[in-house]
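Inspection log for the structure reproduced underneath, given as structure tokens.
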Amino acid sequence: MSSITGTAPPTGVTGTTLVIGATGTTGGRTAEQLIAAGHHVKAASRRATPVPGAEPVRFDWGDPATHADALDGVDRVYLIPPLGDSDPASVMLPFLRQARAAGVRRAVLLSSSAIPEGGPAVGMVHQALPGLFDEWAVLRPSWFMQNFTGAHAHADSIRADGTILSAAGSGRVGFVDADDIAAVAVRALTDGRAPDAELVLTGPEALSYDDIAAIVTEVTGRTVVHHRLTHEQLRDRLAAFIPLEFATMLADMDRAIAGGAEDRTTGTVQLLTGRPPNGFRAVAERELSDPVSL
277 MSSITGTAPP
287 TGVTGTTLVI
297 GATGTTGGRT
307 AEQLIAAGHH
317 VKAASRRATP
327 VPGAEPVRFD
337 WGDPATHADA
347 LDGVDRVYLI
357 PPLGDSDPAS
367 VMLPFLRQAR
377 AAGVRRAVLL
387 SSSAIPEGGP
397 AVGMVHQALP
407 GLFDEWAVLR
417 PSWFMQNFTG
427 AHAHADSIRA
437 DGTILSAAGS
447 GRVGFVDADD
457 IAAVAVRALT
467 DGRAPDAELV
477 LTGPEALSYD
487 DIAAIVTEVT
497 GRTVVHHRLT
507 HEQLRDRLAA
517 FIPLEFATML
527 ADMDRAIAGG
537 AEDRTTGTVQ
547 LLTGRPPNGF
557 RAVAERELSD
567 PVSL
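The opening residue of the sequence shown carries number 277 in this note's numbering; numbering runs sequentially from there.
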């Protein structure tokens, strides 16, 4: 059900794009790339944090009073689900119906390679999206490379004690650069034809967590090791910080990785952007070369 037709650059400047989560890992990059290409952006965040070149707007999934102002004048939207919510459809679907009524004609949803259409959590929003908008795309990226370089538990444990903790065993993942996710998001939002498809996004190779630890060690000169946890150990560790239901879902995803569920790569980044995806070593060299980052 895809209408992906090639890699010609976007033509003309679109209307206004609402970027939800505009200070986050993919939202921030998507807003930045849209602005650099000359598009008008409303940068949505809980505190209406200023984003250079964008119109800041307050937005909170849990506060419907913020939704109308965010949607005012918008014709397309980049959707980041509420973090840590095991039932995002309950808040997202009413908003999406409001968005359609307000004149939004294209919606691009950030989901996950691990969650199929109609699956748990954001999978239910994925299932509903084509019925709400004539122009749409669902981005299903694999695990972010920035999990090991930015604000994430893996990056925190690397910085704290040189460890990566997972229940993924020797399973491999097609880790993807958030810059590449944003580049695909921009194309999906601004191309003359919407993809009208789900897009599974990966990097150029599938790597195990042992591989990741070895590359970080080589790039930084600091020893990093992967400690293998059981499913229960990971679930309980996560449940100390997030709701048990969500912790269980995340632990289940690691167990699926161990079973080979994410051992794949796709050509979608190349197809949509006209260039190959970035590899993990290049991202690590770009983002971990500064000793302060460790």
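The C-beta atom is built at its ideal place from N, Cα and C for all residues, glycine as well.
- From the listed residues A473, F522, L564, D453, the smallest Cα separation to E494 is found for L564.
- Judged by DSSP secondary structure, V414 falls within the beta strand (DSSP E) whose first and last residues are 411-417.
- In this structure, the CA atom of A560 is about 29 Å from the CA atom of V398.
- The segment 462-493 is shown to contain whole beta strand (DSSP E) runs of 3 or more residues at 473-477, in chain order.
- 8 Å or more divides the Cβ of V367 from the Cβ of S387.
- Assignment of beta-bridge partners to P332 by DSSP yields A319.
- In the DSSP assignment, I296 forms a beta bridge with A320.
- Assignment of beta-bridge partners to L369 by DSSP yields no partner.
- Contact between the segment 474-484 and the segment 446-458 is established, with three or more Cβ pairs separated by less than 8 Å.
- Proximity to H315 across T306, R322, R323, S321 peaks at T306, based on C-alpha coordinates.
- By the neighbour-count criterion, in which a residue is buried when 16 or more other Cβ atoms sit within 10 angstroms of its Cβ, L359 is exposed.
- H428 sits in coil when the DSSP states are folded into three classes, being neither helix nor strand.
- Per DSSP, reduced to three states, the secondary structure at I391 is coil, with no helix or strand assignment.
- Residues I491 of the same chain have their beta carbon placed closer than 6 Å to that of R557, with the five preceding and five following residues left out of the count.
- Taking C-beta atoms under 8 Å as the contact rule, V353 and V327 fail to qualify, at a distance of about 16 Å.
- In this structure, G445 lies away from R513, with their beta-carbon atoms at least 8 Å apart.
- DSSP places I440 in the uninterrupted beta strand (DSSP E) bounded by 439-442.
- If you look at A404, you'll find it isn't in any beta strand (DSSP E); it sits in the alpha helix (DSSP H) that goes 399-408.
- Rounded to the nearest whole angstrom, the C-alpha separation of F517 and G468 is 43 Å.
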